[in-house]
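For reference, the structure discussed in these notes is given below.
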Amino acid sequence: MPYSAAKGGVNALTRSIAMEYSGSGIRINAVARAGPRRAAPDAA
1 MPYSAAKGGV NALTRSIAME YSGSGIRINA VARAGPRRAA PDAA
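This is the structure:
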């Protein structure tokens with residue numbers, strides 16, 4: 001859960017900065033991985 005919250009914060013900040021600078025022709029990007037890897041569930 002902490003990773004998801006942090007990723008959401010980075011995405012929101014990136015969008016906000018991108019909107020602020022879009023009028024100047026400046027593009028803002030962020031690169032984030034999909035998420036932490038988890039062990040596969042046991043086969044039933």
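According to the UniProt record's numbering, the sequence shown is numbered sequentially starting from 1.
The beta-carbon is built from N, C-alpha and C at its ideal position, and this holds for glycine as well.
Starting from residue i, follow the alpha helix (DSSP H) in both directions and report where the run begins and ends.
{"i": "A15", "result": "Reading the sequence as shown, one finds Arg at residue 15 and not Ala. R15 -> alpha helix (DSSP H) spans 2-21."}
Determine the direct distance from the alpha carbon of residue j to that of residue i, and round the result to whole angstroms.
{"i": "K7", "j": "A32", "result": "7 Å"}
{"i": "I17", "j": "D42", "result": "43 Å"}
{"i": "T14", "j": "I26", "result": "12 Å"}
{"i": "R38", "j": "I28", "result": "30 Å"}
{"i": "A12", "j": "A5", "result": "11 Å"}
{"i": "G23", "j": "M1", "result": "35 Å"}
Looking only at its chain, what residues have a beta carbon closer than 8 Å to the beta carbon of residue i, apart from the 5 residues adjacent to it on each side?
{"i": "P36", "result": "Y3"}
Between residue i and the rest of its own chain, which residues show a CB-CB distance below 7 Å, the 5 nearest in sequence each way excluded?
{"i": "Y21", "result": "I28"}
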